[in-house]
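Inspection log for the structure reproduced underneath, given as structure tokens.
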Amino acid sequence: AQSVTQLDSQVPVFEEAPVELRCNYSSSVSVYLFWYVQYPNQGLQLLLKYLSGSTLVKGINGFEAEFNKSQTSFHLRKPSVHISDTAEYFCAVTPNTNAGKSTFGDGTTLTVKP
Amino acid sequence: EAGVTQSPTHLIKTRGQQATLRCSPISGHTSVYWYQQALGLGLQFLLWYDEGEERNRGNFPPRFSGRQFPNYSSELNVNALELEDSALYLCASTPGGRTNEKLFFGSGTQLSVL
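Just so you know, the sequences run in chain order E and U. Those letters in the first sequence? Residues 990 to 1103, by my numbering. Those letters in the second sequence? Residues -18 to 95, by my numbering.
Spelled out as structure tokens, the structure:
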């Protein structure tokens, strides 16, 4: 079984400030890691994913995340946020041996203020 | 190309009634996943269908059921509705059940149980 903990439920920041959304996970097997974004009244869209290889993953809209195996973390970062980044962000893990069952964190609401 | 479509957008039911939610995956996708997004609880995995078969099931009671049709569209049925079933129900699809595939989400059905 696996679990995902998003350490901050709400993150308010000012426009053009950097942001980090934290995600820790636990799993007894190897996992793939994902970050999704959900804009109001929409479904989720993939921001980025880590499957293997380089631990720094770059995604859409200027976001990146770093996989840290020893700390079992997959924190999402952006050096300068925009108003349009206001949304809910979900970290997810999928065991590489059990197709179909992704486990999501409870989400982090990012609010970018002018 | 059309994305994942869900219907209806909103559904209002009363306790004890049955609800049927529908999902059409992206053309060519054979796997359909259902998630429940209740307020403050993140996304909870409900069901996974692939090639017409139920492949995996989350920790939900049997009154949550579904099926996948030959054209890969899917229905989620919730019987004997309870107030706590009120949530956004999200459907997602992938080309197959490979764990490294991102999930393509629909915009969801907002179910309200009164």
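The beta carbon of each residue, even a glycine, is placed where N, CA and C say it ideally should be. Computed from a prediction, not measured in an experiment: that's the story for all the values here.
(Q) Can you give me the C-alpha to C-alpha distance between U/F26 and E/A990, rounded to a whole angstrom? (A) Walking along the second sequence from the start, residue 26 of chain U turns up at place 45. Walking along the first sequence from the start, residue 990 of chain E turns up at place 1. Cα-Cα distance, rounded: 13 angstroms.
Q) Would E/E1053 pass as a contact of E/L1045 if the rule is Cβ separation under 8 angstroms? A) Translated into positions along the first sequence, residue 1053 of chain E becomes position 64. Translated into positions along the first sequence, residue 1045 of chain E becomes position 56. Contact flag set, yes.
Q.
Does E/F1003 pass the burial test, meaning 16 or more other C-beta atoms within 10 Å, or should it be called exposed?
A. Position 14 of the first sequence, counted from the start, is the residue given in the question as residue 1003 of chain E. The residue in question, E/F1003, is exposed, as its Cβ has fewer than 16 Cβ neighbours within 10 Å.
Q: Ignoring anything shorter than 4 residues or poking outside the region 1 to 43 of chain U, list the alpha helix (DSSP H) runs there in chain order.
A: none
Q) Apart from the five residues on each side of it in sequence, which residues of its chain come closer than 6 angstroms, Cβ to Cβ, to E/L1033? A) Here residue 1033 of chain E refers to the residue found at position 44 of the first sequence. Once the five neighbours on either side are set aside, the close Cβ partners of E/L1033 are Y1025 and Q1027.
(Q) Tell me whether the region 62 to 81 of chain U and the region -3 to 14 of chain U touch, counting them as touching only if at least three CB pairs, one residue from each stretch, are closer than 8 angstroms. (A) yes
(Q) List, in chain order, every chain U residue whose beta-carbon is nearer than 8 angstroms to that of E/T1092. (A) Residue 1092 of chain E sits at position 103 when you count from the first residue of the first sequence. Neighbours of E/T1092 on chain U, chain order: F26.
Q. Going by DSSP, which residues form a beta bridge with E/Y1014?
A. Within the first sequence, residue 1014 of chain E is the residue found at index 25, counting from 1. E/V993.
Q: Identify whether U/E63 lies in helix, strand or coil by the three-state DSSP scheme.
A: Within the second sequence, the letter at position 82 stands for residue 63 of chain U. In the structure shown, U/E63 sits in coil (DSSP, three-state: anything other than H, G, I, E or B).
Q.
Helix, strand or coil for E/S1073? Go by DSSP, reduced to three states.
A. What you label residue 1073 of chain E is simply residue 84 of the first sequence in a count that begins at 1. Three-state DSSP puts E/S1073 in a helix.
**Q.** Contact set for U/S(-12): own chain, Cβ-Cβ below 6 angstroms, skip 5 residues either direction
**A.** Walking along the second sequence from the start, residue -12 of chain U turns up at place 7. The answer, listed in chain order, is R3.
Q | Partner residues on chain U for E/F1079, Cβ-Cβ distance less than 8 angstroms | A | The residue you call residue 1079 of chain E lines up with position 90 of the first sequence. Under the 8 angstroms cutoff, chain U gives G23 and L24.
Q: Give the straight-line distance between the Cα atoms of E/K1090 and U/W29, rounded to the nearest whole angstrom.
A: Here the question's residue 1090 of chain E lines up with position 101 in the first sequence. Here the question's residue 29 of chain U lines up with position 48 in the second sequence. Approximately 8 angstroms between the Cα atoms of the pair.
Q: For U/G87, count neighbouring Cβ atoms within 10 angstroms of its own Cβ and tell me buried if that reaches 16, exposed if not.
A: Counted from its first residue, the second sequence places residue 87 of chain U at position 106. So U/G87 counts as buried.
(Q) So the candidates are E/H1071, E/N1057 and E/V993; which of them puts its Cα closest to the Cα of E/A1006? (A) Position 17 of the first sequence, counted from the first residue, corresponds to residue 1006 of chain E. Closest option to E/A1006, Cα to Cα, is E/H1071.
Q) Going along the chain, which residues of its own chain have a beta-carbon closer than 8 angstroms to the beta-carbon of E/N1085, five neighbours each way excluded? A) Taking the first sequence and counting its residues from 1, one reaches residue 1085 of chain E at position 96. So the list reads V1018, S1019, V1020 and Y1021, once near-sequence residues are dropped.
(Q) Quick check: the Cα distance between E/R1066 and U/A19, rounded to an integer number of angstroms? (A) As a position in the first sequence, residue 1066 of chain E is number 77, starting the count at 1. As a position in the second sequence, residue 19 of chain U is number 38, starting the count at 1. Taking the straight line from one Cα to the other gives about 26 angstroms.
Q) Could you give the distance in angstroms between the alpha-carbon of U/R48 and the alpha-carbon of U/V59? A) Position 67 of the second sequence, counted from the first residue, corresponds to residue 48 of chain U. Position 78 of the second sequence, counted from the first residue, corresponds to residue 59 of chain U. Taking the straight line joining both Cα atoms gives about 12 angstroms.
Q. Do U/A61 and U/R44 have their C-beta atoms closer together than 8 angstroms?
A. The residue you call residue 61 of chain U lines up with position 80 of the second sequence. The residue you call residue 44 of chain U lines up with position 63 of the second sequence. Yes, the pair counts as a contact, with Cβ atoms nearer than the cut-off.
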